[in-house]
Each structure stands twice: as C-alpha cells, then as structure tokens.
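Everything on this sheet refers to the single structure shown next.
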Amino acid sequence: MSTELKAKNRDLNSKLNALRRDGFVPAILYGHDVKNAPLSVSAKEFEEVLKQAGESTLVDLTIEDKKPVKILIHDVTRDPVSSDPIHIDFYQVNMKEKIKTQIALVFVGESLAVKEMGGVLVKNAHEV
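Just so you know, we're using our numbering here: the sequence shown kicks off at 16 and counts up by one.
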C-alpha cells in the first residue's frame, strides 16, 4: 500500500500566514537534478501521512493532477508553542540512485530484566 499526498504549486509572493490560517502548510520540493518547487499541502492531510509514513518511507506526491513523484519527508519545522507544522521540506527521490536516510528504531515488547528484576532499559540509539 502506497502513501499518497496532494500538493498545489505556490506563488513565492503569497502570504504564508494567510496560507497557514486557511489550513495549508508551505513546503518546498527539491532533489538531485530537480528544480526547486514551492508548494502548499493541507496541514490535516500532511499530519495523517506523516503519522502513517514517518520520515523514512517513500510517499507519492501528486502536484496538481500531474504524475506522482516519489518523495521523502525530509524536514518538518514546527511552531514551538502549538507544535503545528509551519514549513516542510520534501526530497524527491531518483529511483535509479542510492540514497542514505535515517531509520527510527522502534522497541517492541518488554525485557524480562526490566519487568521482573527492576532493570532499566537504556536506549543509546534512537535511529540508524
């Protein structure tokens, strides 16, 4: 199952605060041999996709009914008070090239040493 996100081209002269008030987040699309493209995405739709895909899963980004492109959610800048996204960086992946990305570690279950003997699990790494 692929994760999909829709975006619209954004005018560089548009007022960003008005865009955010209308429920959209300004974004930029870039990549190797890709011209930078200013975009806007629905904040609600983006949060759902981010929750499902995270920052290490390929997402199909459709820009105004064009052919979808494969992207990684590269960076999300959040408001320090409300934690709402205020800007997003999308990295367009060339499927013919190797890339490096961070993969989050998810610890599942509970260690017997922690559960029965009062041990403490120390997580030295959160991603690889």
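Ideal Cβ placement from N, Cα and C applies to all residues, glycine included.
Cβ-Cβ distance between residue i and residue j below 8 angstroms
{"i": "T77", "j": "K21", "result": "yes"}
{"i": "P100", "j": "F39", "result": "no"}
{"i": "A42", "j": "L54", "result": "yes"}
{"i": "V108", "j": "I86", "result": "yes"}
{"i": "E142", "j": "L127", "result": "no"}
{"i": "A33", "j": "L44", "result": "no"}
{"i": "S71", "j": "I118", "result": "yes"}
{"i": "V129", "j": "V123", "result": "no"}
When the options are compared against residue i, the one with the closest alpha-carbon
{"i": "G133", "options": "N139, E125 and A140", "result": "E125"}
{"i": "R93", "options": "K85, L44, H102 and N109", "result": "H102"}
{"i": "I88", "options": "H141, V74, N139 and A128", "result": "V74"}
{"i": "D80", "options": "K23, E70 and I118", "result": "K23"}
{"i": "D104", "options": "D48, S29 and V91", "result": "V91"}
Residue i (DSSP reduced to helix, strand or coil)
{"i": "L20", "result": "strand"}
Neighbourhood of residue i by C-beta distance below 6 angstroms, restricted to the same chain and skipping five residues each side
{"i": "V84", "result": "L76 and Q107"}
{"i": "L31", "result": "P41"}
{"i": "T18", "result": "V64, Q67, A68 and V74"}
{"i": "G46", "result": "Y106 and Q107"}
Close Cβ partners of residue i (< 7 angstroms) along its chain, the five nearest in sequence each way excluded
{"i": "L27", "result": "P53"}
{"i": "R25", "result": "P41, P53, L54 and S55"}
For this session: Run through the region 79-134 for me and flag every whole alpha helix (DSSP H) of 4 or more residues, listed as ranges in chain order.
Result: 127-132
For this session: Entirely within the region 36-87 and at least 4 residues each: give me those alpha helix (DSSP H) ranges in chain order.
Result: 58-68
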